[in-house]
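I have placed the structure first, in the form of structure tokens, so that the comments after it can refer back to it.
Residue numbers (full-length UniProt numbering): 1 to 262.
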């Protein structure tokens, strides 16, 4: 009983910044390979499904990520690569390979707020989170989300990074709910620069796979002036961690070749 009380006291003693550091440091495996589906839902409830394969690999200087679209036919063999550098002073590097044009398109830092291939997820949503760009405030030490005790944290861009955050994310502020048992972000409310627009993120179907806490379903909903515009769901059907992945796979000059491996 004493150890439980001490554990709870230790949890409550964490600052908002300390919590977010633990979120950022959460084990996601040295490598991962996932079979996934992205479902796009319009305001009338109509759905379009896209199948894709996702790869990631950690390096001493950051994490490299690649997504290859398998279906539908008009997106087949489209490849997206992102280098999420650990330093906040270096912008991420991203490329999109479009098979119809047979060439790579580099995504500029101020284009990352754009929709990721028509979904409610932006390139910025997929490219990682820069801890040093924001100030954090602990709004609540205990809120229950789907039966799990969570911290509620709000964060906004620091003055010195405000222009960079606005250009790359179009976010004004974010409130996020963090599970205390595993430091997974299970819910977020994101106020956008465009007046009246808010995005709602949720994570569910969370389980431990190969020792890694894995979110198998992510949803992003876009709301304008209180009305739902559209939504996107990303589901992971199968994932493997810590298998060998060649460095060649993540080179931007190999994107056309990468599309052929599936």
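In this text, a Cβ means the ideal position worked out from N, Cα and C, and glycines have one as well.
Source: prediction; values computed, not measured.
- [ ] Return the residue from the list 61, 149, 222 that minimises the CA-CA distance to residue 90.
- [x] By one-based count along the chain shown, residue 90 stands at place 90. Comparing Cα-Cα distances from residue 90 to each of 61, 149, 222, the minimum goes to 61.
Task: Beta-bridge pairing of residue 182 - partner residues as DSSP gives them - done: Here the question's residue 182 lines up with position 182 in the chain shown. For residue 182, which the question treats as bridged, DSSP gives no partner whatsoever.
- [ ] Could you check how far apart the C-beta atoms of residue 52 and residue 69 are, in whole angstroms? I think they sit under 8 Å.
- [x] Locating residue 52 in the chain shown gives position 52, counting from the first residue. Locating residue 69 in the chain shown gives position 69, counting from the first residue. Between residue 69 and residue 52 the Cβ distance is about 5 Å, and since that is below 8 Å, they are a contact.
Task: Check whether residue 235 and residue 32 have beta carbons under 8 Å apart - done: As a first step, residue 235 is located in the chain shown; it is residue number 235 there, counting from the start. As a first step, residue 32 is located in the chain shown; it is residue number 32 there, counting from the start. No, Cβ-Cβ distance for residue 235 and residue 32 is not below 8 Å.
Open item on the list: Taking DSSP's pairing of strands, which residues face residue 190 in a bridge?
Closed with: Counting from 1 along the chain shown, the entry for residue 190 is found at position 190. According to DSSP, which records beta bridges pairwise, residue 190 is partnered with 174, 199.
TODO: Quick one: residues in its chain with C-beta nearer than 7 Å to the C-beta of residue 142, no 5 flanking neighbours on either side, listed in chain order?
DONE: Here the question's residue 142 lines up with position 142 in the chain shown. If we look at residue 142 and ignore the five residues flanking it on each side, its Cβ neighbours are 149.
Task: For residue 128, the nearest candidate out of 56, 138, 192 (CA to CA) - done: Position 128 of the chain shown, counting from 1, holds the residue named residue 128. Residue 56 is the option with its Cα nearest to residue 128.
Task: residue 143 - DSSP class collapsed to helix/strand/coil - done: Taking the chain shown and counting its residues from 1, the one referred to as residue 143 is at position 143. Of the three classes helix, strand and coil, the one that applies to residue 143 here is strand, per DSSP.
- [ ] Tell me whether the beta-carbon of residue 241 lies closer than 8 Å to the beta-carbon of residue 215.
- [x] Position 241 of the chain shown, counted from the start, is the residue given in the question as residue 241. Position 215 of the chain shown, counted from the start, is the residue given in the question as residue 215. Contact flag unset, no.
TODO: For my contact list, residue 203 and residue 120 are in at a C-beta cut-off of 8 Å; report their separation, rounded to the angstrom.
DONE: For the purposes of this step, residue 203 is identified with residue 203 of the chain shown, where counting begins at 1. For the purposes of this step, residue 120 is identified with residue 120 of the chain shown, where counting begins at 1. Residue 203 to residue 120, Cβ: 14 Å. No contact.
Task: Close Cβ partners of residue 196 (< 7 Å) along its chain, the five nearest in sequence each way excluded - done: Locating residue 196 in the chain shown gives position 196, where the first residue counts as 1. Cβ neighbours of residue 196 beyond the five flanking positions: 224, 225.
- [ ] Could you check what DSSP says for residue 4 in three-state terms: helix, strand or coil?
- [x] Here residue 4 corresponds to residue number 4 of the chain shown, with the count starting at 1. Residue confidence is low: residue 4 scores 45 on pLDDT, short of 50, so the model does not pin down where it sits. Its coordinate-derived value is still stated next. In the structure shown, residue 4 sits in a helix (DSSP, three-state: H, G or I).
Open item on the list: Buried or exposed for residue 152, going by 16 or more other Cβ atoms inside 10 Å?
Closed with: Numbered from its first residue, the chain shown carries residue 152 at position 152. So residue 152 ends up on the buried side.
- [ ] Assign residue 268 to one of three DSSP states: helix, strand, or coil.
- [x] For residue 268 there is no data in the structure shown, the boundaries of the chain being 1 and 262.
Open item on the list: According to DSSP, is residue 160 part of a helix, a strand, or is it coil?
Closed with: Within the chain shown, residue 160 is the residue found at index 160, counting from 1. Residue 160 falls in the helix class under three-state DSSP.
Task: Supposed contact pair residue 74 and residue 82 - C-beta distance, whole angstroms, cut 8 Å - done: The residue you call residue 82 lines up with position 82 of the chain shown. The residue you call residue 74 lines up with position 74 of the chain shown. No, residue 82 and residue 74 are not in contact; Cβ-Cβ is about 22 Å, not under 8 Å.
Open item on the list: Which complete beta strand (DSSP E) runs does the region 59-138 hold, if anything under 3 residues is left out?
Closed with: 62-71, 79-85, 93-98, 103-106
Task: DSSP state of residue 246 mapped onto helix, strand, coil - done: Mapped onto the chain shown, residue 246 falls at position 246. Coil.
Task: Chain-order list of residues whose beta-carbon lies under 6 Å from that of residue 247 (same chain, five-residue window excluded) - done: The sequence position of residue 247 within the chain shown is 247, counting from 1. Here the set comprises nothing.
Task: Assumed close pair residue 274, residue 109 - CB separation to whole angstroms, cut-off 8 Å - done: For residue 274 there is no data in the structure shown, the boundaries of the chain being 1 and 262.
Task: CA-to-CA distance, residue 30 to residue 58, given in whole angstroms - done: The count along the chain shown starts at 1 and reaches residue 58 at position 58. The count along the chain shown starts at 1 and reaches residue 30 at position 30. Near 5 Å, if we compare the C-alpha coordinates of residue 30 and residue 58.
- [ ] Would you mind stating whether residue 134 and residue 156 have Cβ atoms separated by less than 8 Å?
- [x] As a first step, residue 134 is located in the chain shown; it is residue number 134 there, counting from the start. As a first step, residue 156 is located in the chain shown; it is residue number 156 there, counting from the start. Going by C-beta atoms, residue 134 is nearer than 8 Å to residue 156.
Task: Spatial distance of residue 87 from residue 63 (CA atoms) - done: Your numbering for residue 87 matches position 87 in the chain shown. Your numbering for residue 63 matches position 63 in the chain shown. Taking the straight line joining both Cα atoms gives about 11 Å.
Task: beta strand (DSSP E) segment containing residue 35, residue limits - done: Start at 1 with the first residue of the chain shown, and residue 35 comes out as number 35. Taken as a continuous stretch (DSSP letters only), the beta strand (DSSP E) holding residue 35 covers 31-41.
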